[in-house]
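S.K.: Have a look at this one before I ask anything.
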């Protein structure tokens, strides 16, 4: 996500304890035929519903590793929200 944020110059502030999900569109560039309205954002309590308008090659991945993607081609829909269960990081000081 950091490389996408740097390439697009779209910054999001997420606190370590914040119950939210940050997202970035990897290639948020409009073409002659399309417009780009949703480029990045923060999902908190209200889920985000998205319908793909990409004919082919659309993907969703969550951890910065594109190889474990979910196909997201034309007409597919996804609902994104923070998980109900969270990971707790324990640090030995």
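Numbering (the numbering used here), first residue to last: -10 to 82. Virtual Cβ for every residue (Gly too), placed ideally from N, Cα, C.
(1) Cα separation between residue 55 and residue 61?
(2) Roughly how many angstroms separate the alpha carbons of residue 27 and residue 78, rounded to a whole number?
(3) Does the distance from the CB of residue 31 to the CB of residue 4 come in under 8 Å?
(4) For residue 68, which of helix, strand or coil comes out of DSSP?
M.R.: Short version:
(1) 13 Å
(2) 31 Å
(3) no
(4) strand
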